[in-house]
Structure formats: structure tokens, C-alpha cells
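S.K.:
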Amino acid sequence: MGPRRLGSRHHRVGSTAAHPGRDSTRAETPCSTRTDRDRIWIGSKVANGEARFCVRDTGPGISKEEQERIFNRFAHAKSQRRASDGMGLGLALVKAIAEGHNGRVRLLSAEGQGSTFTIIIPIDQPYTDPEEPSR
């Protein structure tokens with residue numbers, strides 16, 4: 001099976017975060033990757049004043065040593081250096097965006113067992129649009 005679009009189910013992930021007043025909900029949608037061997041799941045959950053966005057895969061995993069530097073700009077995991085055309089900016093940007101929202105990124109991974117990246121953003125403050133005048 002080749003790559004496929006997530007389809008309408010990916011809207012549930014965004015909807016979960018867009019409506020933080022709802023009870024804790026989860027939307028997890030598996031989709032195939034380019035390699036046919038691995039699977040990727042995306043999901044989101046809102047609970048305890050946090051929005052959590054999760055990406056989990058069944059790929060080669062990331063060694064403890066590489067986990068220390070994988071969020072640095074231009075970093076590549078050794079197992080991905082030849083398989084990726086990327087520049088190594090993706091995770092650095094993810095971390096910067098999460099931290100810009102007073103959040104964090106958690107990585108759970110072991111070589112040969114895949115990886116789980118979780119972006120955790122506090123949502124205890126109501127959003128106010130800086131472009132919209134105060135009432």
C-alpha cells in the first residue's frame with residue numbers, strides 16, 4: 001500500500017484542539033507511509049488543561065544518543081540520513097512552535113521499536129486574537 005491522504009478523519013484531530021471546552025476526547029487515525037513496512041498514527045487529546053498532539057510510528061526508532069540532538073537545527077537521525085531529502089529543520093521548528101506557546105515536545109523512542117512524538121500545549125488561558133479590538 002502506498003501513501004494515502006488522511007481524508008476526513010484528520011479533521012477530528014484539529015477539532016479536538018479547537019474545542020478545548022469538550023470533555024477529554026481522542027482522535028487517532030492510522031495512515032500508510034511510503035515504505036509499506038511502517039505505519040504512522042496521529043492523534044490528539046484535550047485533558048487537564050492541555051492539548052496533546054501525538055505522532056507515533058513503527059519505524060527504526062532513535063537511539064538515546066541521537067535523542068539528545070534530534071531537535072537541533074539540521075539534525076538527522078543516522079537511520080534517516082539516506083532516506084530523507086529533508087534539511088533537518090522539521091523537529092527544530094516543532095520544538096520552537098511548542099515553546100512559543102509555552103509548551104513542550106516529548107519523545108519516546110527505542111531503536112528498532114519506533115518513535116512517539118507528543119506536542120503538549122497548555123490551554124488554561126482563553127485565546128484572544130491580537131488583531132481583534134478589546135470590548
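Counting from 1, one number per residue, gives the positions in the sequence shown under this note's numbering. Built from N, CA and C at the ideal position, the CB exists for glycine as well.
1) Less than 6 Å between C-beta atoms, sequence neighbours within five positions excluded: which residues of the same chain meet that for Ser63?
2) Taking the straight line between their C-alpha atoms, what separation do you get for Ile42 and Glu132?
3) Do you know how far the Cα of Thr118 is from the Cα of Ser109?
4) By Cβ distance, which residues of its chain are closer than 8 Å to Glu65, with the 5 residues on each side in sequence left out?
5) Ignore the nearest five residues each way along the sequence and tell me which others in Val105's own chain have a CB closer than 8 Å to its CB.
6) Please state the DSSP three-state secondary structure of Ile120.
7) According to the neighbour-count rule (16 or more other Cβ atoms, all chains shown, within 10 Å of its Cβ), is Gly49 buried or exposed?
8) How should Pro122 be labelled, buried or exposed, when 16 other C-beta atoms within 10 angstroms of its C-beta is the threshold for buried?
9) Which of the three DSSP states, helix, strand or coil, is assigned to Glu50?
10) Quick one: residues in its chain with C-beta nearer than 6 Å to the C-beta of Asp124, no 5 flanking neighbours on either side, listed in chain order?
11) Express the C-alpha separation of Gly114 and Ala51 in angstroms, rounding to a whole number.
12) Looking at the unbroken alpha helix (DSSP H) that takes in Tyr97, where does it start and where does it end?
13) Quickly, what does DSSP pair Ile153 with across the bridge? List them, please.
M.R.: From the atom records:
1) Along the sequence shown, one-based indexing puts residue 63 at 63. The residues are Glu111.
2) Taking the first residue of the sequence shown as 1, we reach residue 42 at position 42. Taking the first residue of the sequence shown as 1, we reach residue 132 at position 132. Ile42 and Glu132: Cα-Cα distance of roughly 32 Å.
3) As a first step, residue 109 must be located in the sequence shown, where it is residue number 109. As a first step, residue 118 must be located in the sequence shown, where it is residue number 118. Roughly 11 Å separates the two Cα atoms.
4) For this step, residue 65 is matched to residue 65 along the sequence shown. Closer than 8 Å at the Cβ level, and outside the excluded window around Glu65, lies no residue.
5) In the sequence shown, residue 105 corresponds to position 105, counting from 1. Counting only Cβ-Cβ distances below 8 Å, and skipping sequence neighbours, we find Phe71, Leu91, Val94, Lys95, Ala98, Phe117, Thr118, Ile119 and Ile120.
6) Numbered from its first residue, the sequence shown carries residue 120 at position 120. Strand at Ile120.
7) In the sequence shown, residue 49 corresponds to position 49, counting from 1. So Gly49 counts as exposed.
8) Translated into the one-based positions of the sequence shown, residue 122 becomes position 122. Classification of Pro122: exposed, given that the 10 Å Cβ count is below 16.
9) As a first step, residue 50 must be located in the sequence shown, where it is residue number 50. Residue state, collapsed to three classes: strand.
10) By one-based count along the sequence shown, residue 124 stands at place 124. Contacts found: Gly49.
11) Translated into the one-based positions of the sequence shown, residue 51 becomes position 51. Translated into the one-based positions of the sequence shown, residue 114 becomes position 114. Going from the Cα of Ala51 to the Cα of Gly114 covers about 23 Å.
12) Here residue 97 is taken as the residue at index 97 of the sequence shown, counted from 1. First, the residue type needs correcting, since residue 97 is Ile and not Tyr in the sequence shown. It spans Gly90 to Gly100 - the alpha helix (DSSP H) in which Ile97 sits, taken as one unbroken run.
13) Because the chain here runs from 1 to 135, residue 153 falls outside it and cannot be looked at.
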